[in-house]
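Take a look at the structure below.
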Amino acid sequence: MQLKEYCAHERGRQRAIAEKIGIAYAYMNQIVTGHRPIPIEYCASIELATDGEVTRQEMRPDDWHKIWPELAG
Numbered sequence: 369m370q371l372k373e374y375c376a377h378e379r380g381r382q383r384a385i386a387e388k389i390g391i392a393y394a395y396m397n398q399i400v401t402g403h404r405p406i407p408i409e410y411c412a413s414i415e416l417a418t419d420g421e422v423t424r425q426e427m428r429p430d431d432w433h434k435i436w437p438e439l440a441g
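One point on numbering: in the numbering used here, the residue at position 62 of the sequence shown is 430, and numbering is uninterrupted.
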C-alpha cells in the first residue's frame, strides 16, 4: 500500500506516524503529499509504524533491493 493511501484511510494516521518516527507533522505532510521524497533513513521506521502495511519495497520501488538486499530473499 502506498503511504498516501494508508494515511487517507483514517484521520490522524499521518500525525501518528510523524510522532512515532520523531519528525514534524509538516515534514510528514510533505512526504505523504509527494512534495518531498521519502528519505531512506525513515523507511524502516515508517514500515514499523504502519505495522507493515506500507513496506520499504513500496516506498522505494526502484532501489529497495540495493538499499536492503536482505529483503530480496
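Think of the CB as a built atom: it goes at the ideal place given N, C-alpha and C, for glycine as much as any other residue.
Could you give the DSSP three-state label for Ala-335: helix, strand or coil? Residue 335 is absent from the structure shown; the chain starts at 369 and stops at 441.
On a Cα-Cα basis, can you pick out the residue from Ile-389, Gly-441 and Val-400 that is closest to Met-427? Nearest option by C-alpha distance: Val-400.
So, under 8 Å CB-CB, Ile-408 and Ile-435 are touching, yes? Tell me the CB distance rounded to an integer number of Å. In this structure, Ile-408 and Ile-435 form a Cβ contact; the two beta carbons are roughly 6 Å apart against a cut-off of 8 Å.
Starting from the C-beta of Gly-390, find all residues in its chain whose C-beta is less than 7 Å away, skip the five residues before and the five after it, and write them out in chain order. Nothing listed; no residue qualifies.
Going straight from the alpha carbon of Arg-383 to that of Ala-440, what length do you get? The straight-line gap separating the alpha-carbon atoms of Arg-383 and Ala-440 is approximately 31 Å.
On the criterion of 16 or more Cβ atoms from any shown chain inside 10 Å, does Leu-371 qualify as buried, or is it exposed? Taking a 10 Å sphere around the C-beta of Leu-371, we find 16 or more other C-beta atoms and assign the residue as buried.
Hey, could you find the ends of the alpha helix (DSSP H) Ala-394 is sitting in? Secondary structure note for Ala-394: its alpha helix (DSSP H) is the uninterrupted segment 393–400.
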